[in-house]
Amino acid sequence: LVSFTHVISCPDCGKGVEATFKFCPYCGKPLPTEEHEGSQTFVKPSMSSSQALQQISSALPLKHLLCSVCLIFVILVCK
């Protein structure tokens with residue numbers, strides 16, 4: 001699952017921050033609260049697809065993986 005976040009630049013330090021933030025987490029300055037018409041809004045994924053795949057694969061418990069390997073081994077031996 002990839003979620004998208006609106007990112008704006010802090011007018012003080014220039015770093016990218018979520019548009020929902022009221023203060024810059026880097027410099028602490030207040031961020032603009034209203035979007036100006038015609039301004040650009042950048043959307044960037046919170047993680048890349050490879051990071052998402054890695055997170056999903058690392059979430060599989062080792063026990064399930066071991067059971068699957070054992071099951072495949074038993075099936076191959078019993079043939």
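Anchor point for the sequence shown: position 37 equals 37 in the UniProt record's numbering, and the numbering is continuous, going up by one each time.
A virtual CB, placed ideally from N, CA and C, is assigned to each residue, including glycine.
In this structure, Val17 lies away from Pro11, with their beta-carbon atoms at least 8 angstroms apart. DSSP, reduced to helix, strand and coil, places Phe21 outside both helices and strands of the structure shown, so it counts as coil. Straight-line measurement puts the Cα of Ile8 at about 9 angstroms from the Cα of Thr20.
Straight-line spacing of the CA atoms in Cys70 and Lys29 works out to 57 angstroms.
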